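Novice: For the sequence shown, our numbering begins at 1 and goes up steadily by one.
Just so it is clear, CB atoms sit at the ideal spot from N, CA and C, and this is done for glycine as well.
Computed from a predicted structure; not experimentally measured.
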Amino acid sequence: CCQALDSIKYEGRSAIDLLQTVFEANPLKRSMGLALVNALNHDKAMGLPEDSDNQLLFNNLGIGSGTRVAMVGYFGPLMKAFEDRGAVLKVIDQSRKIGEPHDFYAHLRDWAEVLFLTSTSILNQSTEDILSHTSKEVRTVMLGPSTPMVPEAFAHLPVAILAGTVPVDRENVLQAVRNGAGTRNIQQYSRKVYALLR
Numbered sequence: 001c002c003q004a005l006d007s008i009k010y011e012g013r014s015a016i017d018l019l020q021t022v023f024e025a026n027p028l029k030r031s032m033g034l035a036l037v038n039a040l041n042h043d044k045a046m047g048l049p050e051d052s053d054n055q056l057l058f059n060n061l062g063i064g065s066g067t068r069v070a071m072v073g074y075f076g077p078l079m080k081a082f083e084d085r086g087a088v089l090k091v092i093d094q095s096r097k098i099g100e101p102h103d104f105y106a107h108l109r110d111w112a113e114v115l116f117l118t119s120t121s122i123l124n125q126s127t128e129d130i131l132s133h134t135s136k137e138v139r140t141v142m143l144g145p146s147t148p149m150v151p152e153a154f155a156h157l158p159v160a161i162l163a164g165t166v167p168v169d170r171e172n173v174l175q176a177v178r179n180g181a182g183t184r185n186i187q188q189y190s191r192k193v194y195a196l197l198r
């Protein structure tokens with residue numbers, strides 16, 4: 001079921017050895033590097049404003065009646081907020097078989113005002129490709145629990161906001177990860193944070 005990574009034992013080694021995996025072709029190895037980035041940035045990310053109900057995010061993006069939102073990665077917990085505010089959505093999520101790429105990218109270029117982009121795109125190396133389909137007017141937020149809350153890492157990209165998760169209860173987060181828990185379980189031991197880039 002699972003692909004072996006390699007025979008390297010990272011435990012006890014310098015962080016720089018593991019950090020290099022963020023550039024690997026293998027998404028699992030890249031996720032290890034991204035997790036390290038988030039761990040090294042933990043203290044700084046803890047100082048960011050909390051946005052537990054996504055109100056800062058939605059307000060800053062001007063999400064309201066008729067706002068045209070493109071979403072890469074289906075974020076079920078946000079759907080009610082979009083509905084309550086009267087936003088209009090176009091969604092693509094390949095793992096759930098939602099949407100068709102050609103149609104979605106046409107909407108992203110000519111229709112969307114806001115793009116919600118899953119940070120899983122970092123792991124599958126599609127971030128730059130997706131952003132290349134946006135118009136200059138589209139305001140983009142990178143979001144999800146794996147989002148590296150490091151504004152400098154996005155300076156070369158048209159990303160306006162980062163919305164991520166910072167663990168506050170280390171032991172319970174580690175236990176949840178070890179047991180294969182999903183985002184919802186991990187977030188109960190974390191804070192949702194927000195960083196405005198532009």
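Using DSSP with H/G/I as helix, E/B as strand and the rest coil, what is I219?
Specialist: Look at the range of the chain in this structure, 1 to 198, and you will see that residue 219 is not part of it.
Novice: Pull up the CB-CB distance for R184 and V168, whole angstroms please, since I reckon it's below 8 angstroms.
Specialist: Actually they are not in contact, since the Cβ atoms of R184 and V168 sit about 16 angstroms apart, beyond 8 angstroms.
Novice: Going by C-alpha distance, which of P27, M32, L197 is nearest L19?
Specialist: The option with the nearest alpha carbon to L19 is M32.
Novice: Apart from the five residues on each side of it in sequence, which residues of its chain come closer than 8 angstroms, Cβ to Cβ, to E50?
Specialist: The answer, listed in chain order, is R191, K192, V193, Y194.
Novice: Cutting at 7 angstroms between CB atoms, please list the residues of its own chain near D17, excluding the five before and the five after it.
Specialist: Once the five neighbours on either side are set aside, the close Cβ partners of D17 are Y10.
Novice: Which residues in the same chain as S52 place their Cβ atom closer than 6 angstroms to its Cβ, once the five residues preceding and following it in sequence are excluded?
Specialist: If we look at S52 and ignore the five residues flanking it on each side, its Cβ neighbours are K192.
Novice: Just checking my contact of L157 with L34 at CB under 8 angstroms: how many whole Å lie between their CB atoms?
Specialist: Not quite, the Cβ-Cβ distance comes to about 16 angstroms (not below 8 angstroms), so this is no contact.
Novice: Which whole-angstrom value describes the C-beta separation of M149 and S119, a residue pair presumed to lie in contact below a C-beta threshold of 8 angstroms?
Specialist: No, M149 and S119 are not in contact; Cβ-Cβ is about 10 angstroms, not under 8 angstroms.
Novice: Hey, out of I161, S14, Q188, whose CA is closest to P151's CA?
Specialist: Checked all of I161, S14, Q188; the closest Cα to P151 is I161.
Novice: Please classify F116: does DSSP put it in a helix, a strand, or coil?
Specialist: Looking at F116 - three-state DSSP - the assignment turns out to be strand.
Novice: Take the Cβ of V88 as the centre, count every other Cβ of all protein chains shown within 10 Å, and call the residue buried at 16 or more, exposed below.
Specialist: Exposed.
Novice: Are the CB atoms of L117 and V72 nearer to each other than 9 angstroms?
Specialist: Contact flag set, yes.
Novice: Could you pull the start and end residues of the alpha helix (DSSP H) that S31 belongs to?
Specialist: From DSSP, the alpha helix (DSSP H) with S31 extends over 27 to 40.
Novice: From A106 to R85, what does the alpha carbon distance come to, in whole angstroms?
Specialist: When rounded, the distance between both Cα atoms is 24 angstroms.
Novice: Ignore the nearest five residues each way along the sequence and tell me which others in L196's own chain have a CB closer than 8 angstroms to its CB.
Specialist: Hits under 8 angstroms: N60, A160, I161.
Novice: Taking DSSP as the reference, what is the three-state secondary structure of D84?
Specialist: D84 falls in the helix class under three-state DSSP.
Novice: Please report whether the beta-carbon of L36 lies at a distance below 9 angstroms from any beta-carbon of chain E.
Specialist: Of the protein chains in the structure, only one exists, and it is not chain E.
Novice: If we call anything under 9 angstroms between Cβ atoms a contact, is V22 one with L36?
Specialist: Yes, the pair counts as a contact, with Cβ atoms nearer than the cut-off.
Novice: According to DSSP, which residues form a beta bridge with Y194?
Specialist: Answer by DSSP bridge pairing, in chain order: A163.
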